[in-house]
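**Student:** Okay, handing you the structure first.
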Amino acid sequence: MLDYDFSGQVAFVTGAARGQGRSHAVAYAEHGADIVVTDICETLETSDYELASRGDLDKTAELVEETGQDALRIEMDVRDEAQVQAAVEQTLEEFGRIDILANNAGIWNLEYLHEMSEQTWDEMIDTDLKGVWLCSKHVAQHMIERGEGGKIVSTASTAGHGASYRGGHYTAAKHGVVGLTRSFAIELGEYGINVNCVSPTGIDSPMTNGLIEKYGEEAIGELNEYTGSWNVMDDGPVTPQDVTEAYLWLSSDAARYVTGTALAVDAGLMAK
Ligand SMILES: NC(=O)c1ccc[n+]([C@@H]2O[C@H](COP(=O)([O-])OP(=O)(O)OC[C@H]3O[C@@H](n4cnc5c(N)ncnc54)[C@H](O)[C@@H]3O)[C@@H](O)[C@H]2O)c1
């Protein structure tokens, strides 16, 4: 891990209760930031696997506090503008600022587009795309008003750059995240706000493991037949920490002239 210094800064992390979000939250804290750990802490009706619990959110907060930094715990659904606005206001009351927004919250389920219910479509688009817009909108308003710039990093996916088999709604949402990133970047550049996204390949996280548990390894193998095998490097699973490294760099001044990009952490998948 490179030696970043986020001391005096506040990072607002969505989907922070577990998986990649927990990894990002703890890493920002290890480098000196205070953290707002937010998560929905309940499972959506169309979900193929359990989402995080309040206990998971508390565990992330404890890990942040073990680094010596402060953690503010907020149960927040990224799909709900009133909740997002209230969470940003609560953060400003408690910490006075937000320097980094990490739009990590997301869901994934396996459905054919021609069979999918409207509810499945809506829950996906609302969580994985609208949620990124809502959180970016409210945090950007604060960053503009404060006048000291800021960093917004979102999680897209390799599915944000090509087709998915049994995941067309996920692909549509993640393509949207790439487009939203580019558009926010050109609108917010004049305020010194960098806006980027990270596009991971399959990550060893509760999301992936939940889908494997439900559908079996064969189903994941079937997806790969349509989209090509996931990685060109075989050194073991790509981990949340691998994605965290990209988040840290994009949130640092080392990347001060990097904006509007999608940084692939994909072990070469998209190079093929
Ligand atoms: N796991 C992968 O293979 C993979 C690959 C590429 C991209 N991603 C993306 O990475 C991000 C993190 O996923 P992960 O692998 O850590 O999965 P995860 O399921 O472990 O974590 C996602 C978190 O988001 C939370 N969440 C879901 N819906 C929410 C909502 N409406 N409001 C607030 N919080 C909500 C969940 O409770 C959970 O804690 C997601 O955006 C996902 O789409 C994952």
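Note that my numbering numbers the sequence shown so that position 177 is 186, with each residue one more than the last. Even glycine gets a Cβ: it sits at the ideal position worked out from N, Cα and C.
Taking the straight line between their C-alpha atoms, what separation do you get for aspartate 86 and valine 93?
**Tutor:** Walking along the sequence shown from the start, residue 86 turns up at place 77. Walking along the sequence shown from the start, residue 93 turns up at place 84. The alpha-carbon atoms of aspartate 86 and valine 93 are separated by roughly 7 Å.
**Student:** What residues in its chain sit with their C-beta under 6 Å from that of threonine 253, if we drop five residues either side in the sequence?
**Tutor:** Against the sequence shown, residue 253 aligns to sequence position 244. Around threonine 253: Ser32, His33 and Ala36.
**Student:** Can you check which of these residues, His147, Ala273, Val22 and Met152, is closest to valine 207 by C-alpha distance?
**Tutor:** For the purposes of this step, residue 207 is taken as residue 198 along the sequence shown, with counting starting at 1. If we check each option's Cα against that of valine 207, Ala273 comes out closest.
**Student:** Please look up how many angstroms separate the CB atoms of tyrosine 13 and leucine 257, rounded, as I've assumed it's under 8 Å.
**Tutor:** The residue labelled residue 13 in the question sits at position 4 within the sequence shown. The residue labelled residue 257 in the question sits at position 248 within the sequence shown. Confirmed, about 5 Å.
**Student:** Does alanine 228 come out as helix, strand or coil in the three-state DSSP assignment?
**Tutor:** Taking the sequence shown and counting its residues from 1, one reaches residue 228 at position 219. Helix at alanine 228.
**Student:** For alanine 182 versus glycine 269, is the C-beta spacing smaller than 8 Å?
**Tutor:** By one-based count along the sequence shown, residue 182 stands at place 173. By one-based count along the sequence shown, residue 269 stands at place 260. No.
**Student:** Which runs of the alpha helix (DSSP H) at least 4 residues long sit entirely within the region 61-103? Give them in chain order.
**Tutor:** 63-75
**Student:** Under 8 Å by Cβ, that's how I've got leucine 189 and valine 141 pegged, so tell me the actual separation to the nearest angstrom.
**Tutor:** Along the sequence shown, read from residue 1 onward, the residue named residue 189 stands at position 180. Along the sequence shown, read from residue 1 onward, the residue named residue 141 stands at position 132. Yes, they are in contact, since the Cβ atoms of leucine 189 and valine 141 sit about 6 Å apart, within 8 Å.
**Student:** Using a threshold of 7 Å, is the CB atom of serine 192 nearer than that to any non-hydrogen atom of ligand 1?
**Tutor:** To locate residue 192, count along the sequence shown from 1; it is residue 183. Checking every heavy atom of ligand 1 against the Cβ of serine 192, none is found closer than 7 Å.
**Student:** Where does glycine 41 sit, in a helix, a strand or coil, going by DSSP?
**Tutor:** Against the sequence shown, residue 41 aligns to sequence position 32. Correct three-state label for glycine 41: coil.
**Student:** Can you confirm whether the region 68-77 touches the region 125-133 when touching is taken to mean that 3 or more C-beta pairs between the two stretches lie within less than 8 Å?
**Tutor:** no
**Student:** Can you give me the start and stop residues for the alpha helix (DSSP H) that phenylalanine 193 sits inside?
**Tutor:** In the sequence shown, the residue the question calls residue 193 occupies position 184. Looking at the DSSP string, the run of the alpha helix (DSSP H) that includes phenylalanine 193 is 177-197.
**Student:** On the criterion of 16 or more Cβ atoms from any shown chain inside 10 Å, does glutamate 102 qualify as buried, or is it exposed?
**Tutor:** The count along the sequence shown starts at 1 and reaches residue 102 at position 93. Under this definition glutamate 102 is an exposed residue.
**Student:** Span of the beta strand (DSSP E) holding alanine 20?
**Tutor:** Taking the sequence shown and counting its residues from 1, one reaches residue 20 at position 11. Per DSSP, alanine 20 belongs to the beta strand (DSSP E) from 19-22.
**Student:** Would you grab the beta carbon distance between glycine 169 and valine 187 for me? Rounded to a whole angstrom, and I think it's under 8 Å.
**Tutor:** Within the sequence shown, the letter at position 160 stands for residue 169. Within the sequence shown, the letter at position 178 stands for residue 187. Correct: roughly 5 Å between the Cβ atoms.
**Student:** With a threshold of 7 Å, establish whether the CB of serine 214 neighbours any heavy atom of ligand 1.
**Tutor:** One-based indexing of the sequence shown puts residue 214 at position 205. It does: the Cβ of serine 214 is within 7 Å (strictly closer) of some heavy atom of ligand 1.
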